[in-house]
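Q: When we follow our numbering, the leftmost residue of the sequence shown carries the number 2, and every step to the right adds one. Note that the Cβ used here is the ideal one computed from N, Cα and C, for glycine as well.
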Amino acid sequence: QEGTRISSKRKQNTSVVTSQLLHKNLLKAEQENWNDIAPMYKPMTKRIKEKLEELHNKYTFNSESPRVRFGENVYFEENGCIFLSKADDDEGNVDILFSTDDLGFSDAFIQRIRISPDQRYMAISLKSESSEEATCIIIKLGHFPVVKKVIPSVFSFEWATNDVLYYTTQKNLKCQNVFMTTFTYQKHTKLVYTEQDARFFVDIYLTKDRRFLTINSNSKTTSEVWLVDCRSPFELPALVQPRTKGVIYHIEHRNDELYILTTYGEPAEYKLMKASVASSSKGNWQLVYALEKKTKLVDFEMFSDDCIMFLKDAGHLYLNVISFVSHSVQSIKLPTWACEFELESHPEHTTSTCYFQLSSPVHPPKRFAYSFKENNLIEQAVQEVPIITNCHTTRLLAKSKDETLVPITVFHNMNSKELHRKPLLVHVYGAYGIDLNMSFKEEKLMLLEEGWILAYCHVRGGGELGLSWHKDGCQHNKLKGLHDLKACIMLLHELGFSQPKHTALTAASAGGVLAGALCNTDPELIRAMVLQAPFVDVLNTMMKTHLPLTTEEQEEWGNPLEDEKCMKYIKSYCPYQNIKPQCYPSVFITAYENDQRVPLTGVLQYVQKLRKAALDHASRTSKKGNWIPNIILDVQANGSHCDSSWEHSVSE
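1) Classify residue 238: buried if its beta carbon has 16 or more other beta carbons within 10 angstroms, exposed otherwise.
2) When we look at the beta-carbon of residue 105 and count the other beta-carbons within 10 Å, is it buried (16 or more) or exposed?
3) Per the DSSP calculation, residue 317 is bridged to which residue(s)?
4) Residue 489 by DSSP, collapsed to three states: which one?
5) Which stretch, first to last residue, makes up the beta strand (DSSP E) that contains residue 254?
6) Indicate the three-state DSSP secondary structure (helix, strand or coil) for residue 577 in the structure shown.
7) Between residue 116 and the rest of its own chain, which residues show a CB-CB distance below 7 Å, the 5 nearest in sequence each way excluded?
8) Short check: CB of residue 408 to CB of residue 316, under 8 Å?
9) From the DSSP secondary-structure annotation, give me the bridge partner or partners of residue 413.
10) Taking all protein chains shown into account, do 16 or more other C-beta atoms lie within 10 angstroms of the C-beta of residue 147, making it buried, or fewer, making it exposed?
11) By the 10 Å Cβ neighbour count, where 16 or more other Cβ atoms means buried, how is residue 171 classified, buried or exposed?
12) For residue 408, which residues does DSSP report across the bridge?
13) Using a Cβ distance threshold of 8 Å, determine whether the region 312-326 contacts the region 477-495, with at least three qualifying pairs required.
14) Alpha carbon to alpha carbon, what distance is there between residue 420 and residue 673?
15) Can you tell me the Cα-Cα spacing of residue 82 and residue 153, whole angstroms?
16) Please report the distance separating the alpha-carbon of residue 206 from that of residue 165.
17) Assuming residue 1 is part of the beta strand (DSSP E), what are its boundary residues?
18) How about residue 538 and residue 582: do their beta carbons lie closer than 8 Å?
19) Would the beta-carbon of residue 276 fall within 8 Å of that of residue 261?
20) Using alpha carbons as the reference points, say which of 592, 647 and 600 lies closest to residue 658.
21) For the region 214-223 and the region 550-569, state whether three or more C-beta atom pairs, one from each stretch, are separated by less than 8 Å.
22) Could you check which residue in 494, 468, 541 and 512 has the C-alpha nearest to that of residue 482?
23) Apart from the five residues on each side of it in sequence, which residues of its chain come closer than 8 Å, Cβ to Cβ, to residue 612?
24) When we look at the beta-carbon of residue 235 and count the other beta-carbons within 10 Å, is it buried (16 or more) or exposed?
25) Assuming residue 463 contacts residue 432 (C-beta within less than 8 Å), just tell me the rounded distance between them.
26) What is the C-beta distance between residue 231 and residue 214, in whole angstroms, given that I count them as a contact (C-beta under 8 Å)?
27) If contact is defined by three or more beta carbon pairs under 8 Å, each pair taking one atom from either stretch, is the region 282-292 in contact with the region 251-258?
28) For the beta strand (DSSP E) that contains residue 227, what are its first and last residues?
29) Specify the secondary structure class of residue 5 as computed by DSSP and reduced to three states.
30) Based on Cα-Cα distance, which residue from 108, 89 and 120 lies nearest to residue 98?
31) Based on DSSP bridge pairs, tell me the residues matched to residue 258.
32) Do you know whose CA, among 311, 426, 584 and 595, lies nearest residue 133's CA?
33) What are the complete beta strand (DSSP E) segments, minimum 3 residues, inside the region 551-607?
34) Just grab the DSSP bridge partners of residue 203 for me.
35) Can you check which of these residues, 306, 195, 364 and 157, is closest to residue 61 by C-alpha distance?
36) Please report the distance separating the alpha-carbon of residue 332 from that of residue 211.
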C-alpha cells in the first residue's frame, strides 16, 4: 500500500514537471520565431510609430487630467505629480505637492486619489503596469507632505471621516476583506468585513453626500450592500437587503432616504427606487424611475436636487435628468458621433453643473457641461482642438440567425470612393455585459485617415442593449454571439463595406472566444485576425478550479465540471477545441507572460495547434496559388492583461 501511494505521487509530480517543461519549450520556440519575424516589419513599424506619436501630440495637449474640487481647492495629477491650485485663480498658479518619484515609485502610475473631508490627508493608489495589484499610500498634507502609512495590495478605499479610512485588499484577483484604519488618537487597524463566497468581489463606495460608506459585495449576477454611518464609523455595518439570487443593487443617499439602483422586479433591467434608511429591505422599495427596454445604463450621478442617468439606446447616447423637486424627467440627446461617456469627479453634490467628456474611437475626448439651472448642454471649448470633420458615422442593424437585430457602428472617411475595395477592421467583444470599448485611440484615427473602414459589432453577451442583451449571450446562449458576429460581417460586405479578402477581425481578452470561434466556423469571411491577451481555451480553463477566476466565471460560461450538458456546449464553440485542417486567415496574437487572467499556456497551445492545422491543410491541397497563413505570437515579458500605458501601447 505504501509503495502505491509513493508511485502515484511521483506520477503526479512527473506530469507537473512535464507540463512545465512543455510550457517552457513552447515559449522559447515562440520567442525565437518572433525574433526571426519581427525585423521584417521594422520599416512599417517605424512609419506607424511616427504617425501615432504625431497624432498623440496633436490631440492630447488639450486633454486635461481629471480635477478634484474641494471648496476653493482644486487637486489634479499630471505625469506622476500631484498639484494644488485655487478654483478662482486665473493666473494659473499651482503648487506641486509631491511626485511618484518622491515616494520611490518611479515606474508606477497614480490610479485613484481620495482626500479626507478636512483636506489634511490624501490617500492615493499606485500601480505598475506589470502587476494587477496597487499600493495605497496615505500622506499628511502640509508645507512638507509626510507619508503616514503604506498599505500593499489595495483595491478600493474611501475616507469615512477626517482620519478614518476604509479599504479593501486584493489577493489573486479577489477582494474579500474590508479593513478600517485610523490616523489620530489610538492609531489602529481592524478587519470590518469578510466575504465567504468565492464568486463575490468586494469594493467600497462613499455616497455623494458623504453620509454613508457602502461595502458592496457583488458577483456577476447578485449583490449585497452594508452601510457604515460616517457619523459613527466605529459601529458595525448595517445590512441594507440580504443577497437574493439574480438581484443586483447599488446605493446612494439623499435627505435621509436611500436611492437604490437595482434590477429587482420585472422587467429585469435597471430601475431607480427609494426607501427610508430605517426600513431598507426590498419589500419597502418604491419605484422612482424605470428604464425603457433594451436601454443600457452607462453611469449614474447623484446631486442634491437631481440625478443624472447616462444612457445608451441602439448606440445613441443621451442623458436623463430626474428632478427630485419637480418630479420631472428631462431627456437630452447627445451628439451623434459620441460613443463613450466619461464622467468627471464631482465631490460636492450641491454643485449646479455636471461635467463629462464625450469621445469615439476616432474623436478625441471633448468636454461638455450640463447646467441644472439653465437646463442645457454646454460644449466646453479648451484651446484650439483640431476637429475631425471628414469622418462619417453610420449605424446599422444586422439580422442574426434567430431574427434578432444586432447594432453595428461604422466609421469611414467621407472622401473614400469605392468602399468595397477598402480594408475593413471589425471589432467584437460580447461578454460579461460589458460594452465594446469605443474610447478614443490614436491608431483608429490613423487607420481612418489611411482609408480603412472601422466597424464595431455590438453582439449579444455584451451590455450595449441592457441586461437582457448580456443574458441572451452568456452560458448556454454563447453561440448567439457568434451568430450575431457572422451576420454583422456578412451585412457589411453586402452593403459594400469592403470584402472578405480585405477584412480583418480584432478582439481582446474574452472577445477572443467569439473571434476565435468565427475563425473556425467561417474562416472565409476574413483575411486576418488580431488578438490581444485572448481567451481561446475556455474548456480547459473552466476545468481548472485552482485558477483565480474559475469559480466566479461560472456565471458567465457555466460549470463544465458538474454539468455534462454545459461541457458539451462549451466544447461546441471553444476556439482551441474546434481547430481543424482548413484555410485559416493570418493571425497575430499579443500575450503577456505574467497574465493572471488568461493563462499563457492556453495561448501557446492554441497557436501551436492552429499552425499545425494550417500546415496540414496546405500539404493536403497542393493547388496552385495556395497560401499558408502567417500565425504570429508576440509574448510580452512586461505589461499585464490588456492594460498598458501610452508608451507601452505605442510600441505594441
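A: From the atom records:
1) Buried, by the Cβ-count rule.
2) Exposed, because fewer than 16 other Cβ atoms sit within 10 Å of the Cβ of residue 105.
3) Partner(s): 314.
4) Three-state DSSP puts residue 489 in a helix.
5) Per DSSP, residue 254 is one residue of the beta strand (DSSP E) stretching across 250-255.
6) Three-state result, residue 577: coil.
7) Once the five neighbours on either side are set aside, the close Cβ partners of residue 116 are 69, 71, 76 and 123.
8) Result yes, Cβ atoms of residue 408 and residue 316 sit closer than 8 Å.
9) Bridge partners of residue 413: 393.
10) By the 16-neighbour rule on beta-carbons within 10 angstroms, residue 147 is exposed.
11) Classification for residue 171: buried.
12) Paired residues: 398.
13) These segments do not touch.
14) Because the chain here runs from 2 to 653, residue 673 falls outside it and cannot be looked at.
15) Between residue 82 and residue 153, the alpha-carbon positions lie close to 20 Å from each other.
16) Going from the Cα of residue 206 to the Cα of residue 165 covers about 14 Å.
17) The structure shown has nothing for residue 1, since the chain only spans 2 to 653.
18) Contact flag unset, no.
19) In contact: residue 276 and residue 261 (Cβ atoms closer than 8 Å).
20) Not covered by the structure: residue 658. The range shown for the chain is 2 to 653.
21) Judged by Cβ distances under 8 Å, the region 214-223 makes contact with the region 550-569, as three or more pairs qualify.
22) Comparing Cα positions, the closest option is 512.
23) Cβ within range, chain order: 632.
24) By the 10 Å Cβ count, residue 235 comes out exposed.
25) Contact holds; Cβ gap of about 7 Å.
26) Contact between residue 231 and residue 214 is confirmed by a C-beta separation of about 6 Å, below the 8 Å threshold.
27) Contact annotation: the region 251-258 does not touch the region 282-292, with fewer than three C-beta pairs closer than 8 Å.
28) In this chain, the beta strand (DSSP E) harbouring residue 227 covers 224-230.
29) Its pLDDT being 36, under 50, residue 5 is placed unreliably in this model, and the value from its coordinates should be taken loosely. The answer is helix: DSSP assigns residue 5 an H, G or I state.
30) When 108, 89 and 120 are compared, the shortest CA-CA separation from residue 98 is found for 120.
31) Under the DSSP definition of a beta bridge, residue 258 partners with 255 and 277.
32) Nearest neighbour of residue 133 by Cα position, chosen from 311, 426, 584 and 595, turns out to be 595.
33) Counting only runs of 3 or more, we get 587-593.
34) Partner residues in the beta bridge of residue 203, as assigned by DSSP, are 218.
35) That would be 364, whose Cα lies nearest to the Cα of residue 61.
36) For residue 332 and residue 211, the distance between alpha carbons rounds to 28 Å.
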